[in-house]
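If you're matching them up, the sequences are chains A and B in order. Here the first sequence is numbered in the working numbering, starting from 1 and rising by one per residue. Here the second sequence is numbered in the working numbering, starting from 1 and rising by one per residue. C-beta atoms are modelled at their ideal positions from N, C-alpha and C, and glycine is treated no differently. It should be emphasised that the depicted structure is a prediction, and the values quoted were computed from it without experimental measurement.
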Amino acid sequence: MKFLTTFLKDLKLSFRTFYIYIEIALAVIFILVMLFVLPENFTTEHDIYTLIELEEPAYSSVRTLFDEGAEADRLIYLDSREAIENALLEDREAAGIHVFQSAEGRITYDFVLQGYESPKLVELLKQTFIGDLTTYMPDYEDQVSITTLGGAREKLSDRLTVLPVFLVLNSAFTGLFIVAAYIFMDKDEGTIKALTVTPAKISDYLLAKLGMMLVMGMLTSLLVTVAIARGSAHYGPLMIFMAAANLFGTAIGLLLTSFYDDLMKAMSSIFVVVFVLAFSTISYFMPSFSPLIIRMIPTYPMLVSIRELLYQQPNLTYVYATAGGLLAGAALIFMLALYRFKKTLTV
Amino acid sequence: MVKVEGLYYSYTNDDKYAVKDISFEIAEGESFGLLGPSGAGKSTTQNILTGLLPLKTGEVQVAGYDMHHPKREMFNKLGVSFEQSNVYGKLTALENLEFYRKLFDVPTLDPMELLTLVGLEQVASKKAATFSKGMKHRLTFVRSMLNQPILWFLDEPTTGLDPAIASVIKDIVKEKKERGTTIFLTTHNMFLADELCDRVGFIVDGELRLIDSPRNLKLKYGEKLVEVEYVEEAAQGDEANQAVAAEQPIVSDSADGSGTGTVGRATIGGGTGTGAHLIRRHFSLVDPVEVAALQEVLATRKIETMHTKEATLEEIFIKVTGRKLV
Numbered sequence: 001m002k003f004l005t006t007f008l009k010d011l012k013l014s015f016r017t018f019y020i021y022i023e024i025a026l027a028v029i030f031i032l033v034m035l036f037v038l039p040e041n042f043t044t045e046h047d048i049y050t051l052i053e054l055e056e057p058a059y060s061s062v063r064t065l066f067d068e069g070a071e072a073d074r075l076i077y078l079d080s081r082e083a084i085e086n087a088l089l090e091d092r093e094a095a096g097i098h099v100f101q102s103a104e105g106r107i108t109y110d111f112v113l114q115g116y117e118s119p120k121l122v123e124l125l126k127q128t129f130i131g132d133l134t135t136y137m138p139d140y141e142d143q144v145s146i147t148t149l150g151g152a153r154e155k156l157s158d159r160l161t162v163l164p165v166f167l168v169l170n171s172a173f174t175g176l177f178i179v180a181a182y183i184f185m186d187k188d189e190g191t192i193k194a195l196t197v198t199p200a201k202i203s204d205y206l207l208a209k210l211g212m213m214l215v216m217g218m219l220t221s222l223l224v225t226v227a228i229a230r231g232s233a234h235y236g237p238l239m240i241f242m243a244a245a246n247l248f249g250t251a252i253g254l255l256l257t258s259f260y261d262d263l264m265k266a267m268s269s270i271f272v273v274v275f276v277l278a279f280s281t282i283s284y285f286m287p288s289f290s291p292l293i294i295r296m297i298p299t300y301p302m303l304v305s306i307r308e309l310l311y312q313q314p315n316l317t318y319v320y321a322t323a324g325g326l327l328a329g330a331a332l333i334f335m336l337a338l339y340r341f342k343k344t345l346t347v
Numbered sequence: 001m002v003k004v005e006g007l008y009y010s011y012t013n014d015d016k017y018a019v020k021d022i023s024f025e026i027a028e029g030e031s032f033g034l035l036g037p038s039g040a041g042k043s044t045t046q047n048i049l050t051g052l053l054p055l056k057t058g059e060v061q062v063a064g065y066d067m068h069h070p071k072r073e074m075f076n077k078l079g080v081s082f083e084q085s086n087v088y089g090k091l092t093a094l095e096n097l098e099f100y101r102k103l104f105d106v107p108t109l110d111p112m113e114l115l116t117l118v119g120l121e122q123v124a125s126k127k128a129a130t131f132s133k134g135m136k137h138r139l140t141f142v143r144s145m146l147n148q149p150i151l152w153f154l155d156e157p158t159t160g161l162d163p164a165i166a167s168v169i170k171d172i173v174k175e176k177k178e179r180g181t182t183i184f185l186t187t188h189n190m191f192l193a194d195e196l197c198d199r200v201g202f203i204v205d206g207e208l209r210l211i212d213s214p215r216n217l218k219l220k221y222g223e224k225l226v227e228v229e230y231v232e233e234a235a236q237g238d239e240a241n242q243a244v245a246a247e248q249p250i251v252s253d254s255a256d257g258s259g260t261g262t263v264g265r266a267t268i269g270g271g272t273g274t275g276a277h278l279i280r281r282h283f284s285l286v287d288p289v290e291v292a293a294l295q296e297v298l299a300t301r302k303i304e305t306m307h308t309k310e311a312t313l314e315e316i317f318i319k320v321t322g323r324k325l326v
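Structure (structure tokens):
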């Protein structure tokens with residue numbers, strides 16, 4: 001009952017301060033950027049400016065070869081070498097190819113590049129092109145087979161792939177950032193002292209803060225997920241997972257706050273913790289670089305779990321196991337924070 | 001109601017004690033004032049009694065609870081009014097009281113009635129952040145009454161308030177005292193303590209120097225004085241006397257040590273030459289010379305006013321501790 005009273009008071013106070021509106025504004029900005037500024041997939045394909053200076057029938061053969069190739073939709077035909085070079089000046093991502101007949105009568109393929117490409121990339125480009133050409137040779141047989149160990153996994157759009165990062169760093173860790181601000185506001189006003197001389201327990205006070213952060217986190221995560229993922233997210237498990245992640249984040253925030261008596265001092269520690277937690281995004285975006293130490297950062301399984309819940313067939317066992325671990329961690333950290341607050345809250 | 005025995009407290013966990021070897025008891029229904037200058041240890045003592053600071057050394061019982069193991073339910077019996085206002089600025093006055101009343105497990109007073117009691121009913125629905133310092137102080141004060149405490153801690157309850165409001169606060173405290181509420185007052189305002197307390201304790205440098213009732217302290221340490229105002233005709237041609245009379249207003253001060261106790265005079269009627277002067281003198285009822293002087297004045301002068309004057313608690317505090325209440 002006292003927890004509920006304190007929680008409702010904190011909720012009322014949170015809507016009368018600007019922190020919650022900052023959270024909502026951040027969520028809205030993220031939605032707007034994702035929907036209206038960035039494309040659904042951040043393409044890595046580049047335009048290829050092409051010039052074929054050959055006589056018939058060589059011209060038609062090469063043109064057919066190009067038009068049937070994998071990069072056909074990226075080819076832009078131009079009518080002079082100078083035009084290719086000018087186009088490359090305008091588009092620094094693009095490459096060019098100039099096909100002409102050499103003095104010896106051979107068909108020559110001249111790649112026109114920007115100059116910043118590494119020798120490895122240039123060689124790769126060259127070999128790929130040669131490889132493509134060989135497939136047109138009579139009696140060609142493909143001797144290469146590919147085996148994927150991880151099993152065939154559906155591919156999320158880039159927009160959906162980014163979504164878990166926002167959900168973890170903003171919604172799950174709302175409490176990590178903001179709970180300190182609320183507690184130091186109570187300390188400044190002296191209202192913590194007034195609360196301490198009532199029958200309400202310190203645990204009621206801290207649980208109310210946990211609850212308030214949970215509401216804020218769930219609100220922003222739901223808002224962003226609905227806007228970005230629409231029907232492709234598994235909302236039930238996602239909300240359960242986000243609740244566990246949010247409680248974990250706020251518990252860390254409470255523990256950090258218990259060591260300080262002013263917001264400025266606490267912020268330096270909070271930034272260090274956030275910086276460390278954000279490291280996991282490297283491995284999330286580059287699975288080839290995922291050393292154990294990064295996978296042990298709690299945000300890594302959080303990111304992977306949320307991504308799972310955006311797949312059509314999520315691995316719910318992994319998700320719920322992670323959520324369970326986060327809840328256990330949250331409970332442990334909360335107990336530590338409670339111990340610290342009991343010792344230091346009013347002194 | 002309160003029992004303190006051999007209380008020591010150090011903020012730094014060493015032998016630099018904020019309070020040392022303090023012992024006292026407060027009976028049920030008694031009004032006790034802990035008096036001392038800033039930094040004397042008043043707030044530290046009160047904070048230990050209210051559980052805001054942990055009890056380290058000594059024995060303290062508050063409302064039947066051992067403060068080595070305080071229980072949350074004890075706060076149903078306690079009320080604490082803080083010197084510094086501490087209310088939620090983003091909540092209205094009424095919301096502040098409504099929130100706190102729900103935290104108690106005992107019947108509480110109606111918040112609106114409490115606001116009316118201290119003249120805040122007109123601003124009940126305004127956010128406390130918009131209040132003046134005095135208004136916030138009144139809100140903090142009535143909040144401590146919500147649970148009808150049997151033991152009421154008041155920390156400088158009238159400091160910073162205008163006289164009219166301070167008078168209202170004093171009347172409320174007096175009324176609660178009459179109804180049997182035990183009061184623990186910490187203040188450096190000796191007049192307030194004198195008015196409200198059955199007993200007072202003088203605390204200086206963390207040590208409790210003296211405990212007694214204000215009356216006993218005055219009887220024991222105060223000098224009995226009589227203040228007399230009488231008219232004295234100035235002699236003709238006494239220019240020096242007339243000049244003094246024209247310049248000096250009546251002033252209140254202690255005896256000048258000359259034995260006459262004359263401390264002020266004023267010309268009556270504003271005239272010059274042979275004008276009458278109003279003289280105010282203090283006579284000690286202990287000193288036989290002054291008693292004789294008083295008798296002479298009573299016999300030969302026209303007495304305007306006369307009343308006994310006791311030493312103030314502040315004067316006694318200075319006499320006992322050698323320290324001023326600043």
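Residues of its chain near V62 of chain A, where Cβ-Cβ distance is below 8 Å and the 5 sequence neighbours each way are ignored: Counting from 1 along the first sequence, the entry for residue 62 of chain A is found at position 62. Answer for V62 of chain A: I52, L54, V99 and I107, listed in chain order.
Using DSSP with H/G/I as helix, E/B as strand and the rest coil, what is K309 of chain B? Residue 309 of chain B sits at position 309 when you count from the first residue of the second sequence. K309 of chain B falls in the strand class under three-state DSSP.
Check the C-beta distance from N96 of chain B over to R143 of chain B and give it rounded, since I have them as a contact under 8 Å. Taking the second sequence and counting its residues from 1, one reaches residue 96 of chain B at position 96. Taking the second sequence and counting its residues from 1, one reaches residue 143 of chain B at position 143. The Cβ separation is near 7 Å, so the contact holds.
Outcome for R280 of chain B when other beta-carbon atoms lying within 10 angstroms are tallied against a minimum of 16: As a first step, residue 280 of chain B must be located in the second sequence, where it is residue number 280. Label assigned to R280 of chain B: buried.
Below 8 Å between beta carbons: does that hold for E232 of chain B and H277 of chain B? Here residue 232 of chain B refers to the residue found at position 232 of the second sequence. Here residue 277 of chain B refers to the residue found at position 277 of the second sequence. Against a cut-off of 8 Å, the Cβ pair of H277 of chain B and E232 of chain B comes out as a contact.
Taking the C-alpha atoms as reference points, what is the distance between M67 of chain B and V289 of chain B? Against the second sequence, residue 67 of chain B aligns to sequence position 67. Against the second sequence, residue 289 of chain B aligns to sequence position 289. So the alpha carbons of these two residues sit roughly 55 Å apart.
In angstroms with no decimal places, state the Cα-to-Cα distance between I303 of chain B and T312 of chain B. Within the second sequence, the letter at position 303 stands for residue 303 of chain B. Within the second sequence, the letter at position 312 stands for residue 312 of chain B. Distance between the alpha carbons of I303 of chain B and T312 of chain B is about 25 Å.
Run the CB neighbour count on M34 of chain A, radius 10 Å, all protein chains shown included, and call it buried at 16 or more, exposed below. For this step, residue 34 of chain A is matched to residue 34 along the first sequence. So M34 of chain A ends up on the buried side.
So with CB distances below 7 Å, who are the chain A contacts of Y88 of chain B? Taking the second sequence and counting its residues from 1, one reaches residue 88 of chain B at position 88. Result: L13, E189 and T191.
Hey, quick one: how far does the beta strand (DSSP E) through H98 of chain A stretch, first residue to last? Taking the first residue of the first sequence as position 1, residue 98 of chain A is located at position 98. A95 to Q101 is the span of the beta strand (DSSP E), which, as asked, contains H98 of chain A.
Residue burial classification, T181 of chain B (beta-carbon count within 10 angstroms, cutoff 16): The sequence position of residue 181 of chain B within the second sequence is 181, counting from 1. T181 of chain B comes out buried.
Report the three-state DSSP secondary structure of T182 of chain B (helix, strand or coil). Indexing the second sequence from 1 puts residue 182 of chain B at position 182. Looking at T182 of chain B - three-state DSSP - the assignment turns out to be strand.
Inter-residue spacing [alpha-carbon to alpha-carbon] between S132 of chain B and Y318 of chain A: Here residue 132 of chain B corresponds to residue number 132 of the second sequence, with the count starting at 1. Here residue 318 of chain A corresponds to residue number 318 of the first sequence, with the count starting at 1. For S132 of chain B and Y318 of chain A, the gap between their C-alpha atoms comes out near 57 Å.
I203 of chain B versus F184 of chain B - alpha carbon distance: Sequence index remark: in the second sequence, residue 203 of chain B carries index 203 (1-based). Sequence index remark: in the second sequence, residue 184 of chain B carries index 184 (1-based). So the two alpha carbons sit approximately 14 Å from each other.
Does any CB atom of chain A fall closer than 8 Å to the CB of R138 of chain B? Here residue 138 of chain B refers to the residue found at position 138 of the second sequence. False, the Cβ-Cβ gap to chain A never drops below 8 Å.
At least three beta-carbon pairs within less than 8 Å, the segment 329-340 of chain A to the segment 159-179 of chain B: no
Roughly how many whole angstroms lie between the Cα atoms of A181 of chain A and E117 of chain A? The residue labelled residue 181 of chain A in the question sits at position 181 within the first sequence. The residue labelled residue 117 of chain A in the question sits at position 117 within the first sequence. Roughly 48 Å between the two C-alpha positions.
Which of the three DSSP states is assigned to G64 of chain B in this structure? Translated into the one-based positions of the second sequence, residue 64 of chain B becomes position 64. G64 of chain B falls in the coil class under three-state DSSP.
Distance cutoff 8 Å, beta carbons only. Does T17 of chain A sit that close to anything in chain B? By one-based count along the first sequence, residue 17 of chain A stands at place 17. Yes, its Cβ sits closer than 8 Å to a Cβ of chain B.
Check the Cβ of T198 of chain A against every Cβ in chain B and list those closer than 7 Å, keeping chain order. Taking the first sequence and counting its residues from 1, one reaches residue 198 of chain A at position 198. F75, Y100, L103 and F104, listed in chain order.
State buried or exposed for D14 of chain B, treating a residue as buried only when at least 16 other CB atoms are found within 10 Å of its CB. Position 14 of the second sequence, counted from the first residue, corresponds to residue 14 of chain B. Per the 10 Å Cβ criterion, exposed.
First and last residue of the uninterrupted alpha helix (DSSP H) at T50 of chain A: Within the first sequence, numbered from 1, the residue matching residue 50 of chain A stands at position 50. Note, T50 of chain A: premise wrong, no alpha helix (DSSP H); beta strand (DSSP E) at I48 to E53.
Note down, in chain order, every chain B residue with its Cβ under 8 Å from the Cβ of T5 of chain A. Here residue 5 of chain A refers to the residue found at position 5 when the first sequence is read from its first residue. Result: F99, K102 and L103.
Applying a beta-carbon distance threshold of less than 7 Å, which residues of chain B neighbour V331 of chain A? For this step, residue 331 of chain A is matched to residue 331 along the first sequence. It is Ala, not Val, that sits at residue 331 of chain A in the sequence shown. None at all; the shortest Cβ gap to chain B is about 22 Å.
Tell me the rounded alpha-carbon separation between Q122 of chain B and G160 of chain B. Taking the second sequence and counting its residues from 1, the one referred to as residue 122 of chain B is at position 122. Taking the second sequence and counting its residues from 1, the one referred to as residue 160 of chain B is at position 160. Roughly 21 Å between the two C-alpha positions.
First through last residue of the beta strand (DSSP E) which encompasses F153 of chain B: Here residue 153 of chain B is taken as the residue at index 153 of the second sequence, counted from 1. In the DSSP annotation of this structure, the continuous segment of the beta strand (DSSP E) that includes F153 of chain B starts and ends at L151 to D155.
Could you list which residues in chain B have their beta carbon closer than 7 Å to that of A233 of chain A, in chain order? In the first sequence, the residue the question calls residue 233 of chain A occupies position 233. Near A233 of chain A there are no residues of chain B at all, since even the closest Cβ is about 35 Å away, more than 7 Å.
Could you spell out where the alpha helix (DSSP H) holding S290 of chain A opens and where it closes? Translated into the one-based positions of the first sequence, residue 290 of chain A becomes position 290. Careful: S290 of chain A lies outside any alpha helix (DSSP H) and carries neither H nor E.
Kindly examine the ligand COA and report whether one of its heavy atoms sits closer than 7 Å to the Cβ of L160 of chain A. For the structure depicted, the ligand COA is absent and the ligand set is empty, with no information on it obtainable.
Segment contact flag, the segment 196-215 of chain B with the segment 37-52 of chain B, C-beta cutoff 8 Å, min 3 pairs: Contact between the segment 196-215 of chain B and the segment 37-52 of chain B is present, because at least three Cβ pairs lie under 8 Å.
Within 8 Å (strictly less), CB to CB, does L194 of chain A reach chain B? On the first sequence, position 194 is the one that residue 194 of chain A refers to. This sequence places Ala at residue 194 of chain A; Leu is not what is there. Yes, its Cβ sits closer than 8 Å to a Cβ of chain B.
Output, in chain order, the set of chain A residues within a Cβ distance shorter than 7 Å of L78 of chain B. Here residue 78 of chain B refers to the residue found at position 78 of the second sequence. Neighbourhood of L78 of chain B in chain A, by CB distance below 7 Å: V197, in chain order.
In three-state DSSP terms, what is E247 of chain B? Counting from 1 along the second sequence, the entry for residue 247 of chain B is found at position 247. Because E247 of chain B carries a pLDDT of 39, less than 50, the predicted location of this residue cannot be relied on, and the following value inherits that uncertainty. E247 of chain B falls in the helix class under three-state DSSP.
Closest Cβ-Cβ distance between K9 of chain A and chain B: below 8 Å? The residue you call residue 9 of chain A lines up with position 9 of the first sequence. Judged by the 8 Å Cβ criterion, K9 of chain A is in contact with chain B.
Limits of the beta strand (DSSP E) - the one that Y77 of chain A falls within: Indexing the first sequence from 1 puts residue 77 of chain A at position 77. L75 to Y77 is the extent of the beta strand (DSSP E) around Y77 of chain A.
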